[in-house]
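Per this note's numbering: the sequence shown = residues 312 to 523.
Contents: one structure, followed by commentary.
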Amino acid sequence: MGKHILLLGPPGAGKGTQSKRLAAEFDLEHVTTGDALRSNKQMDISDMDTEYDTPGAYMDAGELVPDEVVNAIVEEALTSADGYVLDGYPRNLEQAEVLSGMTDLDAVVYLSVDTEELVDRLTGRRVCPECGASYHVEFEPPEESGVCDECGAELEQRDDDTEETVRERLRVYEENTAPVVEHYRDEGVLVEVDGEGTPDEVFDSIVGVVDE
Ligand SMILES: [Zn+2]
């Protein structure tokens, strides 16, 4: 049977990248809320006390999918997977409790990265307004500073990536997710991995935890 892995960590910790690699390494499904939502748009939720009969109807109406629907979709994605890496859920303590009721976890890994390092990582992104190419001033710089390698257009910093916005995102993350981290720490299942090494070093540490 495939492993059940939960990867936690703040925005910028590299959760997405590491989750994908882990899923490939152990032949698991990479489950994110967004992907689960997209692949279960037509799920019948008419027996739930909700406004619409499918998750897709909320998305079509441009409305926020209610928590209970998100929970049902995540459950569907997890139970239909032969092993998974769960990424981006639970986002709060309530979801963590719901998750305990739907599945057992083999490993809960918390990617720990210092806040100032996260700010550096998250504010360094530059995007090309012409072709959509994405760069990072430190980790993936274009050949010529501020200029797109692909098409020569001038690179921009998105509003989402400014320091003020990034700090606010990190604050909101901390407020909602710190109790989730504490929850798993209290249960004795949380393993903290230093997320400040190179992606390869971080990956090796996570594999070490998961292989135990
Ligand atoms: Zn470009």
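All C-beta atoms, glycine included, are put in the ideal place defined by N, C-alpha and C.
- Contact check for GLY508 against LEU433 fails: the beta carbons are separated by 7 Å or more.
- As computed with DSSP, ALA418 is found in a beta bridge with ILE316.
- Using a cutoff of 6 Å, the CB of GLU455 does not count as near ligand 1, since none of the ligand's heavy atoms is closer than that.
- In the structure shown, ASP505 falls within a strand segment according to DSSP collapsed to helix, strand and coil.
- In the three-state reduction of the DSSP assignment, ASP378 falls in the helix class, which pools H, G and I.
- In the structure shown, THR390 falls within a helical segment according to DSSP collapsed to helix, strand and coil.
- Remark: C-beta atoms of LEU429 and PRO321 approach each other more closely than 7 Å.
- The residue from ARG402, LEU319 and ARG332 with its alpha-carbon nearest to that of ASP515 is ARG332.
- Within the region 325 to 370, the runs of alpha helix (DSSP H) that reach at least 4 residues and sit entirely inside it are, in chain order, 326 to 337 and 344 to 350.
- If you look at ARG469, you'll find it isn't in any beta strand (DSSP E); DSSP assigns it neither H nor E.
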